[in-house]
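Here's the structure, in structure tokens; my notes come after.
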Amino acid sequence: MNESLEQAIQLIENGKHEEGLQKVQDMYEGTDDETKRTIAELYFELGLVDRAAKAAEDLLFRYPDNGELFAFAAECYIDLGQEDEAMEMLTEVKQDDPVFVQARLLLADLYQNQGLDEVAEQKLLDAVKEAADEPLLQYALGEFYLSRGDYNRSIPYYKKALHASGLPEDDQVNPMLRLGEAYGATGQFEEALDSYQKGLAEKIDPDGLFGYGFTAMQTGDYELAAEQFERLKVLDPSYTTLYPYLSQAYRHMSQSQKALDVINEGISRDEFNETLYLEAARIQFAKGNGEEGRAFLQKVIAINPSNVEAVKELLVYYADADAYEEVVELVTFLEEYQETDPVFDRYNAKALYETDKPAEAAESYERALPSYEEDSAFLEEAAGAFLEAGKKDEAVGLLEKVCRINPDREDVADRIEALREY
110 MNESLEQAIQ LIENGKHEEG LQKVQDMYEG TDDETKRTIA ELYFELGLVD RAAKAAEDLL
170 FRYPDNGELF AFAAECYIDL GQEDEAMEML TEVKQDDPVF VQARLLLADL YQNQGLDEVA
230 EQKLLDAVKE AADEPLLQYA LGEFYLSRGD YNRSIPYYKK ALHASGLPED DQVNPMLRLG
290 EAYGATGQFE EALDSYQKGL AEKIDPDGLF GYGFTAMQTG DYELAAEQFE RLKVLDPSYT
350 TLYPYLSQAY RHMSQSQKAL DVINEGISRD EFNETLYLEA ARIQFAKGNG EEGRAFLQKV
410 IAINPSNVEA VKELLVYYAD ADAYEEVVEL VTFLEEYQET DPVFDRYNAK ALYETDKPAE
470 AAESYERALP SYEEDSAFLE EAAGAFLEAG KKDEAVGLLE KVCRINPDRE DVADRIEALR
530 EY
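The end of the sequence shown is residue 531 by my numbering, with every number in the run present.
Below, the structure is given as structure tokens:
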């Protein structure tokens, strides 16, 4: 390295930034091209990206076929938010250039970041045609399709990358684990489990362990699932997504205390994780501890009133206990947050009816009606509320629907006839 540049870098490292940078600037014009390239990289490392980009542009005038310079300039433009200029630089990199693959991958990423998925896909496909033996491009196409949820299309590219040589040894590049994820998402669970097992034998990966455990859960192998989640917990206790699933695995294995211990451990690490409280509620209900289960469901709703699962389970608990006032109170609370659902309306309607508020009950039944047009039990409930609210014609209409759904309901037909005569 140029001695003057070394001195300038030493000044910068010693905290004399202005003096060091001035020295770099003073020497730039009169130095050789190799040192200019080093200065450009120094500027980039120091966050002086505009200067780095300018240096790269200067060098490109002298070396218009240098792919590394085009790629470096593109990185500068990306950092400066000038993505169009970055794309122009990347398209200049030729196929026989050592950085061709890197440039095409970066170009595809830029198009995908702009929401131009079809263009990104085409760039990758074109690159594969030009460099068919490049495993990193095969892997990138697999990643592209996986990120879009197009799991079936990702599988063959991961397989090609897996069986090719030259794939970099990188924590972020593990085609076997990616295959496991793609197989699992397409319901090919045995293939997924096999891929996860092989991939994790090569390198332990937190997401891979989670995927292995999750896939085992889907096959009903709760012991295998628990084993993987426990491994993940040892590797990374802060991976809080694991705790509800590990708890569920123990619950399915009839180890309710272990399941509850796991949940408590998870809550100690993430007290606002609503899924943990929901799982805790289910464990308590399974143990017959209704009040404890209710308390956990209330915590879920306090954290997130939009958690429909928790709301529905709490409504069921209240309804089974004939706690109609609590049902009305809960639905009223949810309405304050603009949280509505036909199920909420149905439970609310029943509760209002049971607490002698037929007019309000009829309104709730009416709101829920479009979702329960074919539910004869609901229609009969609603008809009762409509009758007490003085809406006889509407009640008769609902009862007629019951008869259309169940033609053998002579008792309902008789009731309709009696109402018409009344």
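Glycine included, each C-beta is placed from N, C-alpha and C at the ideal position.
**Report entry** For Ser473, the nearest candidate out of Ala458, Tyr220 and Gly493 (CA to CA)
**Finding:** Ala458
Query raised in the report: Is the segment 293-308 touching the segment 321-330 in the sense that three or more CB pairs, one from each, lie closer than 8 Å?
Result: yes
Query raised in the report: Touch check for the segment 464-484 and the segment 449-456: three-plus C-beta pairs under 8 Å?
Result: yes
Query raised in the report: Looking at C-beta atoms only, is the number of pairs between the segment 487-503 and the segment 464-471 that lie closer than 8 Å three or more?
Result: yes
Query raised in the report: Curious, which full-length beta strand (DSSP E) runs of at least 3 residues does the segment 363-440 contain?
Result: Runs found: none.
**Report entry** Completely contained alpha helix (DSSP H) runs for the segment 115-174, where each covers 4 or more residues
**Finding:** 126-137, 142-154 and 158-171
Requested in this report: Round the Cβ separation of Leu214 and Ala180 to the nearest angstrom and send it over; I've been treating them as touching at under 8 Å.
Outcome: 10 Å between Cβ atoms; not a contact.
Query raised in the report: Which same chain residues, not among the five before or five after Arg146, have their C-beta less than 7 Å away from its C-beta?
Result: Leu168
Query - Ala301 (DSSP reduced to helix, strand or coil) - result: DSSP places Ala301 in helix when its eight states are reduced to three.
**Report entry** Ranges of the alpha helix (DSSP H) found wholly within the segment 163-240, counting only runs of at least 4
**Finding:** 176-188, 192-200, 209-222 and 226-239
Query raised in the report: Whose C-beta lies closer than 6 Å to the C-beta of Ala368 among residues of the same chain, with five residues either side of it excluded?
Result: Ser356, Tyr359, Arg360 and Ile392
Query - Beta-carbon proximity check, Gly258 vs Arg287, cutoff 8 Å - result: no
Query raised in the report: Exposed or buried, Glu383, counting other C-beta atoms within 10 Å across all chains shown (16 or more means buried)?
Result: buried
**Report entry** Whether Glu509 touches Ile525 by CB criterion (8 Å)
**Finding:** yes
Query raised in the report: Rounded to a whole number of angstroms, what is the C-alpha to C-alpha distance between Glu177 and Ala195?
Result: Glu177 and Ala195: Cα-Cα distance of roughly 13 Å.
Requested in this report: Work out the CA separation of Tyr321 and Arg340 for me, nearest whole Å.
Outcome: 11 Å
Requested in this report: Determine the extent of the alpha helix (DSSP H) in which Glu483 is found, giving its start and end residues.
Outcome: Taken as a continuous stretch (DSSP letters only), Glu483 belongs to no alpha helix (DSSP H), as it is neither H nor E.
**Report entry** Coil, strand or helix - Thr350 by DSSP
**Finding:** coil
Report task. With distances taken Cα to Cα, identify the nearest neighbour of Ala291 among Ile313, Ala310 and Lys268. Result -> Among Ile313, Ala310 and Lys268, the Cα nearest to that of Ala291 belongs to Lys268.
Query raised in the report: When the Cα of Leu351 is compared with those of Ser363, Leu333, Leu385 and Gln364, which residue comes out closest?
Result: Per the Cα distances, Leu385.
Query raised in the report: Gly402 and Ala390: beta carbons closer than 8 Å?
Result: Yes, Cβ-Cβ distance for Gly402 and Ala390 is below 8 Å.
Query raised in the report: Looking only at its own chain, which residues have a Cβ that is under 8 Å from the Cβ of Leu246, when we skip the five neighbours before and after it?
Result: Val210, Arg213, Leu214, Leu233, Ala236, Val237 and Ala240
Query - Status (buried if at least 16 other CB within 10 Å, exposed otherwise) for Glu490 - result: buried
Report task. Taking 8 Å as the cut-off, decide whether the C-beta atoms of Tyr96 and Ala494 are in contact. Result -> Since the displayed the chain opens at 110 and closes at 531, residue 96 lies outside it and no answer follows.
**Report entry** Entirely enclosed alpha helix (DSSP H) segments - the segment 472-524, minimum 4 residues
**Finding:** 485-497 and 501-514
Query raised in the report: Three-state secondary structure (DSSP) at Ile313?
Result: coil
Query raised in the report: I think Asp159 touches Leu189, with their Cβ atoms under 8 Å apart; what is that distance to the nearest whole Å?
Result: Sure, about 6 Å apart at Cβ, within 8 Å.
Query - Secondary structure of Lys466, DSSP reduced to three states - result: coil
Query raised in the report: Which residues in the same chain have their Cβ closer than 7 Å to the Cβ of Pro346, if we skip the five residues on either side of it in sequence?
Result: Only residues of its own chain outside the window of five on either side were considered, and among them Arg378 have a CB closer than 7 Å to the CB of Pro346, listed in chain order.
Query raised in the report: Quick one: what's got a C-beta closer than 7 Å to Val228's C-beta in the same chain, skipping five residues either side?
Result: Tyr220
Query raised in the report: Based on Cα-Cα distance, which residue from Leu199, Gln191 and Ala460 lies nearest to Pro173?
Result: Measuring from the Cα of Pro173, the nearest candidate turns out to be Leu199.
Query raised in the report: Quick one: what does DSSP say Arg257 is sitting in, helix, strand or coil?
Result: Residue state, collapsed to three classes: coil.
Query raised in the report: Does the separation of the CB atoms of Ala460 and Val425 fall below 8 Å?
Result: no
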